[in-house]
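Single-structure report; data block below.
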Amino acid sequence: MCGSINAHARCINAIDCNEQGLLASVSDDCYVRIWKLSGDAENLQISHECNHHIENSQLVGIKFLNLSRSDLAVSAYDSSEVTIFRAI
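Just so we're aligned: the sequence shown equals residues 0 to 87 in numbering that gives the first Met the number 0.
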């Protein structure tokens, strides 16, 4: 194991990463969280970049829309909407 993150208060439902070293996650705690991974397997550094709370939403999906950019699509259970975010 190269590293670990105490990322969310509840179950993590989806993660995705891009070529810039950003890792995005969504959880039952209603948060979208973005992390920056840097270094290598011997010296992995993980820093919290930002988060966004989506009230009363069980977040179930997250996807970087372009591997080299920071646009994210987020989906929630029992919702017909996809929310688009720009991470950084």
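Cβ coordinates follow ideal geometry from the N, Cα and C atoms, glycine included. Model, not experiment: these values are computed from the prediction.
The segment 22-36 contacting the segment 65-81, beta-carbon criterion three pairs below 8 angstroms: yes
DSSP-derived helix/strand/coil call for Tyr94: Residue 94 lies beyond the range of the chain shown here (0 to 87); nothing can be said about it.
Contact under 7 angstroms by Cβ, Asp27 with Ile61: Numbered from its first residue, the sequence shown carries residue 27 at position 28. Numbered from its first residue, the sequence shown carries residue 61 at position 62. In this structure, Ile61 does not lie closer than 7 angstroms to Asp27 by Cβ.
For Asn17, the first and last residue of its enclosing beta strand (DSSP E): Counting from one through the sequence shown, the residue named residue 17 turns up at place 18. Note, Asn17: premise wrong, no beta strand (DSSP E); not H, not E.
Per-residue DSSP class, three states only, for Arg68: Within the sequence shown, numbered from 1, the residue matching residue 68 stands at position 69. Reduced to three states, the DSSP call for Arg68 is coil.
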